[in-house]
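Chains as they are written, first to last, in my numbering: chain A, 1 to 205; chain B, 206 to 476. The beta-carbon is built from N, C-alpha and C at its ideal position, and this holds for glycine as well. These notes concern the structure reproduced below.
Printed below as a string of structure tokens:
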């Protein structure tokens, strides 16, 4: 099975505290992190930092679909950032889509993790997202088929770096419990490669 | 006394209950709330239903309109769900544009419909590239007490099954359509996806959480099942689940799905 080709450039933007240009195969996003910054009075939480996520599509204004992406990104980041260390502040994660070849959400999440690491904010753990696809012929692959009609189902899992347990799961299409289990174990193996990639990228920097 | 205790120390109050293997509303961990389905509640809609999951109430009304199909899918009609969370349903919401939660719920319901393939959009097409049905499914939450997606999906599926569309005759040469309101036909809904939400709190998994439990819990999972197949496993983040816990949830939701399917069928029989 072909592995995913990931590449990244850290610190490409000057204004954000952490930024990254990240691509997985043909899917590319830019992520920026501001934080901890002063938060709006109505959003400030007394005992922890408030995490905000903004997802910008390639063209046009963010729609209802992007709200779902935002809510996933926000929830995952919230689980990973040590929010209790920054009470009454905000951490803003901004993702700009550049190119989408099928695994946009997982690419956005990996970029968010790298941007958070780049910003130096305290985190409880790293997280890595892996997407895999089931072909119409029931085979499991990481790279999306060229023809969208060939995809029976899509799985996206997010794992934490400490215990490799599931932070988030998102699926598309219908599938059996067995296929879900297979995809889960396959993605779990792959996530180790992602964590190695994160570590390598940070040491090069 | 317990009322003050609940307000002052909500987490401890909840934890004390769970330590005695019971939830604040008297349920056990794996026990779900009663489900009520009422059909044809809105006489002006083409199909409608009210679903209650515990106290969570969602009304679904489906209106059909004639429209032109999109150029890229010339032989398909439309099914557009929209979830509304008005200020009536919870103190969390204020009047104004749809909140983030409402938009996320709308997208989740749309994804569930797409994933489950419960309604073939091709059956909504009357004449390719010229005329098709557009079904607007408006889901309005009257009372929000947790497990919103579960209630929305039950209401939507019951409403979809009760939709009848008038016969339409279309003459492409003259671009002339005739609607026969007397002769109505039901939609062919091929399967019934059923959603079940779980909340996790201190390693304990609670099925069908109330809004208080959702707020206190560290993570939520929504699992959608149709005919022994899964069509959506959505966990937006939060604290971690082990594989075994997740698979246990899948098992529980399959069991609950058969019960809910029966409830919807019974509602149709008594119509």
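Where residue i sits in the DSSP three-state scheme
i                      : result
residue 390 of chain B : strand
residue 156 of chain A : strand
residue 6 of chain A   : strand
residue 130 of chain A : strand
residue 170 of chain A : strand
residue 293 of chain B : coil
residue 34 of chain A  : strand
residue 358 of chain B : helix
residue 276 of chain B : helix
residue 194 of chain A : helix
residue 287 of chain B : strand
residue 312 of chain B : helix
residue 264 of chain B : strand
residue 202 of chain A : helix
residue 109 of chain A : helix
residue 185 of chain A : helix
residue 58 of chain A  : coil
residue 1 of chain A   : Low local confidence applies: a pLDDT of 47 at residue 1 of chain A is under 50, so the model's placement there is unreliable, with the coordinate-based value given in what follows. Coil.
residue 440 of chain B : strand
residue 320 of chain B : helix
residue 214 of chain B : coil
residue 306 of chain B : helix
residue 119 of chain A : helix
residue 405 of chain B : strand
residue 65 of chain A  : helix
residue 329 of chain B : helix
residue 335 of chain B : coil
residue 413 of chain B : coil
residue 76 of chain A  : helix
residue 255 of chain B : strand
residue 298 of chain B : coil
Neighbourhood of residue i by C-beta distance below 6 Å, restricted to the same chain and skipping five residues each side
i                      : result
residue 365 of chain B : 394
residue 243 of chain B : 255
residue 1 of chain A   : Low per-residue confidence applies at residue 1 of chain A: pLDDT is 47, beneath 50, and the placement is therefore not dependable enough to give any value.
residue 167 of chain A : 76, 79, 127, 158, 160
residue 327 of chain B : 280, 281
residue 429 of chain B : 317, 398, 400, 436, 437
Chain-order list of residues whose beta-carbon lies under 8 Å from that of residue i (same chain, five-residue window excluded)
i                      : result
residue 323 of chain B : 362, 365, 394, 395, 396, 397, 398, 431
residue 13 of chain A  : 19, 30, 32
residue 386 of chain B : 371
residue 260 of chain A : Within the shown structure, residues of chain A are numbered from 1 to 205, placing residue 260 of chain A beyond reach of any answer.
residue 48 of chain A  : 83, 84, 86, 87
residue 299 of chain B : 292
residue 253 of chain B : 244, 245, 246, 247, 264, 265, 266, 267, 364, 367
Chain-order list of residues whose beta-carbon lies under 7 Å from that of residue i (same chain, five-residue window excluded)
i                      : result
residue 82 of chain A  : 122, 123, 124
residue 104 of chain A : 27, 97
residue 320 of chain B : 436, 437
residue 251 of chain B : 267, 268, 269, 368, 369, 370
residue 404 of chain B : 411, 414, 418, 419, 422, 425
residue 66 of chain A  : 55, 57
residue 235 of chain B : 412, 457
residue 17 of chain A  : 33, 34, 35, 119
residue 306 of chain B : 290
With 16 other Cβ atoms within 10 Å as the buried cut-off, status of residue i
i                      : result
residue 113 of chain A : buried
residue 285 of chain B : exposed
residue 97 of chain A  : buried
residue 400 of chain B : buried
residue 352 of chain B : buried
residue 311 of chain B : buried
residue 369 of chain B : exposed
residue 213 of chain B : exposed
residue 471 of chain B : exposed
residue 170 of chain A : buried
residue 458 of chain B : buried
residue 8 of chain A   : buried
residue 68 of chain A  : buried
residue 447 of chain B : exposed
residue 274 of chain B : buried
residue 110 of chain A : buried
residue 257 of chain B : buried
residue 272 of chain B : exposed
residue 206 of chain B : exposed
residue 138 of chain A : exposed
Any non-hydrogen atom of the ligand GDP closer than 6 Å to residue i Cβ
i                      : result
residue 181 of chain A : Questions concerning the ligand GDP fall outside what the structure shown contains, since it holds no ligand whatsoever.
Quiz item: Would you call the region 435–443 of chain B and the region 68–75 of chain A in contact, with 3 or more CB pairs under 8 Å?
Solution: yes
Any contact of the region 267–276 of chain B with the region 339–354 of chain B, i.e. 3+ C-beta pairs under 8 Å?
yes
Quiz item: Does the region 278–298 of chain B come close enough to the region 368–385 of chain B to have 3 or more Cβ pairs within less than 8 Å?
Solution: no
Practice task
Please determine if the region 412–426 of chain B and the region 221–241 of chain B are in contact, where contact requires at least 3 C-beta pairs separated by less than 8 Å.
Solution key: yes
* Asked: Does the region 88–97 of chain A touch the region 137–152 of chain A, meaning 3 or more C-beta pairs lie closer than 8 Å?
  -> no
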